[in-house]
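Number of protein chains: 2
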Amino acid sequence: LHAQQASPDLSDDALAVAAQLRETALAGSGAYALVESLTTEVGPRMAGTPGDVAAVAWAKAAFERNGFDTVSTQPVTFPAWRRGEERAAVLSPFPQPLHVTALGLSDGTGGTPLQAEVVEFESLQALKDAPADAARGRIAYVSLRMERKRDGGGYGIAGQARTHGAGVAASKGAVGYLLRSIGTDSDRLPHTGMQRYPDGVARIPAAALSNPDADLLSNMLRRGQPVTVQLELDVGTQGEATSYNVIGEIRGREKPDEVVIIGGHLDSWDLGTGAIDDAAGVAITMRAGALIGALPTPPKRTIRVIAFANEEQGIVGAKTYAAAQDDAAIVRHRIGAESDFGAGRIYGFATSALPAASEATVQQIAAALAPLGIDYLPGKGGAGPDIGPMAQRGMAWGWLAQDGSDYFDYHHTANDTLDKVDAAALDQQVAAYAVFAYLAAESDAGFGSTPQTPPAAD
Amino acid sequence: LHAQQASPDLSDDALAVAAQLRETALAGSGAYALVESLTTEVGPRMAGTPGDVAAVAWAKAAFERNGFDTVSTQPVTFPAWRRGEERAAVLSPFPQPLHVTALGLSDGTGGTPLQAEVVEFESLQALKDAPADAARGRIAYVSLRMERKRDGGGYGIAGQARTHGAGVAASKGAVGYLLRSIGTDSDRLPHTGMQRYPDGVARIPAAALSNPDADLLSNMLRRGQPVTVQLELDVGTQGEATSYNVIGEIRGREKPDEVVIIGGHLDSWDLGTGAIDDAAGVAITMRAGALIGALPTPPKRTIRVIAFANEEQGIVGAKTYAAAQDDAAIVRHRIGAESDFGAGRIYGFATSALPAASEATVQQIAAALAPLGIDYLPGKGGAGPDIGPMAQRGMAWGWLAQDGSDYFDYHHTANDTLDKVDAAALDQQVAAYAVFAYLAAESDAGFGSTPQTPPAAD
Ligand SMILES: [Zn+2]
Ligand SMILES: [Zn+2]
Ligand SMILES: [Zn+2]
Ligand SMILES: [Zn+2]
């Protein structure tokens, strides 16, 4: 007497191929060599700069060299922001240089250095709660320190002070804005990152202090004397620039119009060489696709690897990609996952809310990931920035959670360099992305991608 | 039947006072507050700069505030070296900025940036062994990486490439000199430090690359194409400057003309705030002296705490101090010890070669240090840079060996800041210096200081 069982979505053959992909990647995925190549031969590649142009050419050549069936580009347009010299110093009572870097999309100080007294707030909330003239004529300084967590959980609350602090400071009369870097390190290297000016307030210059410099400034202020700082930021936005999403495809054998997308972002900030943010993500997903492309038989559906343009200054490439999709295309996007959290090993896996028909499939994928030390964490995770715009449109997402314990030591600083990347950790990640993408492309049950109306932009 | 015993040099009373000093320091020595004060209120204090002037004023006031019986200064004159802007970049084949800092006493590149192809040597020895024209018209680059050791033992061999590399490179026809920073970190912060031009060769500009930048340059060179670098160093030596050894004394009760000297150096490099090099040493020895000064009864002999001027650019303050001593004064200097190896805990103790009459005394001191986790390591150690000139003249030295495992992560970089200093570790060191200095000043046996003719300067 046998219980009647539905045949599982993913066949034993498909699971065997996935296991083979996993072992191939672990034996040496080639991802480190790609990170080395991008960081050495291109290096800094802030959107709209000559480095970004070089990165697009690099990505096209790399997709071709890695055996993708098709390589294409999609233009992406955005405001052109540039960074020149930046300098700060305490003028009194204790003259000392301060290490700062302008926040992305900040305006500069113009031809004349800004000199003003500093007023400290312990958090963005404290600044928000302060009286309307709390920073009148002064430089507002938010000194909150980010907490270290494996999942980067300290970034959310602290990051608000970067994204929105200048606008709040301006609303309190400030003439400049400084914040303690959103970072967990103790290095004299400030962390940049985007900020946005709200409408209706002055666009005041905004910069981050390194953690030791923030300590120094707070220690001076603690003495109770007025502290005057000089700030010179030769930065600003002028006109527009164009870059490109660079897209490589491994063509599916049965339903090539249906796609699984994986990717990272090709741009970086200008301070480092963008090794962990996000050469690693580009390399991991490109090599995962390439290993699938090297199989004797391709998966049923297409694997699309996307090196997104200009994530750093507003997720512009991903928004452009999503805006080009109609509702039918959302359905054809079976699922997407991105790698943009450094180069640490993957410890967890989850997907977006699933139809009942898909749960067994996801269990099968989770079982194929388990030998990599990856736990299934249903109900956890999220789409990530570059998958976000498609997820908002209704595409299902997969989440491959990386250990980001040290990510915010280096994130958006000059210290984001090749030496922070471990080749064996990259191999583990390529293995995970290859297993995930291959099995997702084999799944007939799918993951429930359904067109939705995204919420209005903030 | 009792064996006849000589009464020990150090009395039970003296040992009890030493034990009390030890516990007082461990309960909170006040050294951290001094480091915080010097790094916050003065900060960078390169010899001959306004920061150095402020540091001398700070040290005088600090000695007075800490209850020293006398505070005096001794002028010290040296070549005035200045650092302005410094900048480097790979021009081809892969344009990227490089993080560099000029070596101390280097000449600059003048008004025109230096542009030249780079030729790599794996060590100073390889550069020495190369043919006479091995670097003709090029920038010689020494890429040896320093090893991490508790006692800083990697510094000697690697440091030669900093001190002497430019001269050797010039002798091989080089027009510029780059080296991998003498440091154990992976931060994008180059390590400065002194170099010396020999006579008879061109004074070529000399700078250190941070470790990640050295990796990057080596990775580019490994590809076999010519790599051209542009170097701009607005630095140089002009005229002379004067600073001061600042000296505080706790006057001895019986033989005030006989002294035990302890100290650190007051100057720092300009890149960081000089917390571990050497605010820590100044603070530790100043607080050790102050705790002795606060005793109800002073020691038999005088405790002299010296904040030496301009150690970094040639041990100038210590040489000036030694040059002012006649042979009789050498004998009156019972022993000396310095703190100039960061802020890590002390793990070992030793002294210079001893007369037989002193060995029991040193054993007594070692026993008083043992509760601090300090091992007696006879035959190990040395005088250190600022005690060196007096040791060469024949003064006995004591060595309180610090754990320097992370010292060369921060040494001579912008990262030498307050956050690298642990208050409890400073307390342990103050305890050690207080015990050592007090008991040494109580000892009638002495430690064998005997005038000698120092070797000729190199
Ligand atoms: Zn990123
Ligand atoms: Zn980023
Ligand atoms: Zn030193
Ligand atoms: Zn030093």
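Sequence lines, in order, name chains G and L. All letters in the first sequence, in the order written, are residues 1 to 458 by our numbering. All letters in the second sequence, in the order written, are residues 1001 to 1458 by our numbering. For glycine and all other residues, C-beta sits at the position ideal for the given N, C-alpha and C. All values derive from a computational prediction rather than experimental measurement.
- Would you check whether ligand 2 has a heavy atom nearer than 8 Å to the C-beta of Asp-406/G? Sequence index remark: in the first sequence, residue 406/G carries index 406 (1-based). Flag unset: Cβ of Asp-406/G not near ligand 2.
- State the start and end residues of the unbroken beta strand (DSSP E) segment that holds Ala-1116/L. Counting from 1 along the second sequence, the entry for residue 1116/L is found at position 116. Start and end: 1114-1121.
- Beta-ladder partner(s) of Ile-139/G, from DSSP: If you number the first sequence from 1, residue 139/G lands on position 139. Per DSSP, Val-118/G and Gly-176/G.
- Item | Backbone CA spacing between Met-1390/L and Gln-1020/L [nearest angstrom] | Locating residue 1390/L in the second sequence gives position 390, where the first residue counts as 1. Locating residue 1020/L in the second sequence gives position 20, where the first residue counts as 1. Distance between the alpha carbons of Met-1390/L and Gln-1020/L: 30 Å.
- Query: In terms of alpha-carbon separation, which member of Asp-1422/L, Arg-1222/L and Ser-1449/L lies closest to Ser-1029/L?
  - Reply: Looking up residue 1029/L in the second sequence gives position 29. Of Asp-1422/L, Arg-1222/L and Ser-1449/L, the residue nearest in Cα terms is Asp-1422/L.
- Task: Classify Tyr-376/G as helix, strand or coil using the three-state DSSP reduction.
- Result: Numbered from its first residue, the first sequence carries residue 376/G at position 376. Of the three classes helix, strand and coil, the one that applies to Tyr-376/G here is strand, per DSSP.
- Determine, using beta-carbon pairs with one atom in the region 1139-1149 of chain L and one in the region 1170-1187 of chain L, whether at least three such pairs fall under 8 Å. yes
- Which residues have their C-beta within less than 7 Å of a heavy atom of ligand 4, listed in chain order? Gly-1193/L, Trp-1269/L, Asp-1277/L, Asp-1278/L, Glu-1311/L, Glu-1312/L, His-1411/L and His-1412/L
- Coil, strand or helix - Val-421/G by DSSP: In the first sequence, counting from the first residue as 1, residue 421/G sits at position 421. In the structure shown, Val-421/G sits in coil (DSSP, three-state: anything other than H, G, I, E or B).
- Item | Any C-beta of chain L under 9 Å from that of Lys-420/G | Within the first sequence, the letter at position 420 stands for residue 420/G. Yes, its Cβ sits closer than 9 Å to a Cβ of chain L.
- Is the region 72-89 of chain G touching the region 233-243 of chain G, taking contact as three or more C-beta pairs under 8 Å? yes
- Item | Among Leu-1189/L, Ala-1214/L and Ile-1303/L, the one whose alpha carbon lies nearest that of Arg-1253/L | Taking the first residue of the second sequence as 1, we reach residue 1253/L at position 253. Ranking the options by Cα distance to Arg-1253/L, first place goes to Ile-1303/L.
- Query: Going by the C-beta, is Asp-340/G closer than 8 Å to any heavy atom of ligand 2?
  - Reply: Numbered from its first residue, the first sequence carries residue 340/G at position 340. Within the cutoff, so yes.
- Query: Between His-411/G and Gly-342/G, is the Cβ-Cβ spacing less than 9 Å?
  - Reply: Numbered from its first residue, the first sequence carries residue 411/G at position 411. Numbered from its first residue, the first sequence carries residue 342/G at position 342. Yes, Cβ-Cβ distance for His-411/G and Gly-342/G is below 9 Å.
- Taking 8 Å as the cut-off, is the CB of Gly-1382/L close to at least one heavy atom of ligand 3? On the second sequence, position 382 is the one that residue 1382/L refers to. Result no, Cβ not under 8 Å from ligand 3.
- Message: Just to confirm my understanding: we take Pro-1113/L, look at its own chain, exclude 5 residues before and 5 after, and list those with CB closer than 6 Å. What are they?
- Response: Within the second sequence, numbered from 1, the residue matching residue 1113/L stands at position 113. Same-chain partners within the cutoff: Gln-1230 and Glu-1232.
- Message: Using 9 Å as the threshold, is the C-beta distance between Leu-398/G and Phe-349/G below it?
- Response: Translated into the one-based positions of the first sequence, residue 398/G becomes position 398. Translated into the one-based positions of the first sequence, residue 349/G becomes position 349. Reading the sequence as shown, one finds Gly at residue 398/G and not Leu. A contact, by the Cβ cut-off of 9 Å.
- Quick one: Cα of Ala-424/G to Cα of Glu-36/G, how far? Here residue 424/G refers to the residue found at position 424 when the first sequence is read from its first residue. Here residue 36/G refers to the residue found at position 36 when the first sequence is read from its first residue. In a straight line, the C-alpha of Ala-424/G is about 14 Å away from that of Glu-36/G.
- Item | Cβ distance (whole Å) where His-99/G is taken to contact Ala-1414/L below 8 Å | Residue numbering aside, residue 99/G sits at position 99 when the first sequence is read from its first letter. Residue numbering aside, residue 1414/L sits at position 414 when the second sequence is read from its first letter. At roughly 7 Å, the Cβ-Cβ gap stays under 8 Å, so His-99/G and Ala-1414/L are in contact.
- Message: Determine whether the beta carbon atoms of Thr-285/G and Ile-262/G lie at a separation below 9 Å.
- Response: As a first step, residue 285/G must be located in the first sequence, where it is residue number 285. As a first step, residue 262/G must be located in the first sequence, where it is residue number 262. Yes, these two residues count as a Cβ contact at 9 Å.
- Message: Given 8 Å as the limit, tell me if His-265/G has its C-beta closer than that to any heavy atom belonging to ligand 1.
- Response: Your numbering for residue 265/G matches position 265 in the first sequence. Correct: His-265/G has its Cβ closer than 8 Å to ligand 1.
- Determine the contact status of Asn-211/G and Gly-183/G, defining contact as a CB-CB distance below 9 Å. Numbered from 1 along the first sequence, position 211 holds the residue referred to as residue 211/G. Numbered from 1 along the first sequence, position 183 holds the residue referred to as residue 183/G. Closer than 9 Å, so yes.
- Closer than 8 Å: Pro-385/G CB and nearest ligand 5 heavy atom: In the structure shown, ligand 5 is absent; the only ligands present are ligand 1, ligand 2, ligand 3 and ligand 4.
- Query: Who are the neighbours of Ala-1414/L on chain G, taking C-beta pairs under 8 Å?
  - Reply: Here residue 1414/L is taken as the residue at index 414 of the second sequence, counted from 1. Under the 8 Å cutoff, chain G gives His-99 and Arg-188.
- Query: Nearest-angstrom Cα distance between Gln-1004/L and Leu-1439/L?
  - Reply: Mapped onto the second sequence, residue 1004/L falls at position 4. Mapped onto the second sequence, residue 1439/L falls at position 439. Summary for Gln-1004/L: the model assigns pLDDT 48, below 50, so the residue's position carries little reliability; its value from the coordinates is reported in the next sentence. Whole-angstrom Cα-Cα distance: 25 Å.
- Task: Check distances from the C-beta atoms of the region 1028-1049 of chain L to those of chain G and list, in chain order, the residues that come in under 8 Å.
- Result: Glu-1036, Thr-1039, Thr-1040, Glu-1041, Val-1042, Gly-1043 and Pro-1044
- Message: Based on DSSP bridge pairs, tell me the residues matched to Gln-1230/L.
- Response: For the purposes of this step, residue 1230/L is identified with residue 230 of the second sequence, where counting begins at 1. Gln-1230/L pairs with Ala-1089/L and Gln-1115/L.
- Message: ligand 3 and Ile-1236/L: does the residue's C-beta get closer than 8 Å to at least one heavy atom of that ligand?
- Response: In the second sequence, residue 1236/L corresponds to position 236, counting from 1. Sequence check: residue 1236/L is Gly here, not Ile. It does not: the Cβ of Gly-1236/L is nowhere closer than 8 Å to a heavy atom of ligand 3.
- Using a Cβ cut-off of 7 Å, pull out every chain L residue sitting near Met-220/G, in sequence order please. Against the first sequence, residue 220/G aligns to sequence position 220. Here the neighbours are Thr-1040.
- Task: From the DSSP output, in three-state form, read off Gln-1004/L for me.
- Result: Taking the second sequence and counting its residues from 1, one reaches residue 1004/L at position 4. Below a pLDDT of 50, predicted positions are generally treated as unreliable, and Gln-1004/L, at 48, falls in that range; the measurement from the model is reported next regardless. Coil.
- Segments of 4+ residues assigned as alpha helix (DSSP H) that fall wholly inside the region 1009-1083 of chain L: 1012-1026, 1031-1041 and 1050-1065
- Task: For Leu-271/G, write down the residues that DSSP places opposite it in a beta bridge.
- Result: The residue you call residue 271/G lines up with position 271 of the first sequence. Leu-271/G pairs with nothing; no bridge assigned.
- Task: May I have the straight-line CA-CA distance separating His-2/G from Val-56/G, to the nearest angstrom?
- Result: Along the first sequence, read from residue 1 onward, the residue named residue 2/G stands at position 2. Along the first sequence, read from residue 1 onward, the residue named residue 56/G stands at position 56. Its pLDDT being 49, under 50, His-2/G is placed unreliably by the model, and the measurement read from it follows with that caveat. Roughly 57 Å between the two C-alpha positions.
- Contact belief for Ser-1405/L with Arg-1148/L at Cβ below 8 Å, rounded distance in angstroms: Here residue 1405/L refers to the residue found at position 405 when the second sequence is read from its first residue. Here residue 1148/L refers to the residue found at position 148 when the second sequence is read from its first residue. Yes, Ser-1405/L and Arg-1148/L are in contact; Cβ-Cβ is about 7 Å, under 8 Å.
- Backbone CA spacing between Ser-1072/L and Tyr-1244/L [nearest angstrom]: Numbered from its first residue, the second sequence carries residue 1072/L at position 72. Numbered from its first residue, the second sequence carries residue 1244/L at position 244. Going from the Cα of Ser-1072/L to the Cα of Tyr-1244/L covers about 9 Å.
- Can you give me the start and stop residues for the beta strand (DSSP E) that Ile-182/G sits inside? As a working note, residue 182/G is residue 182 in the first sequence. Segment: none, Ile-182/G is in no beta strand (DSSP E) and carries neither H nor E.
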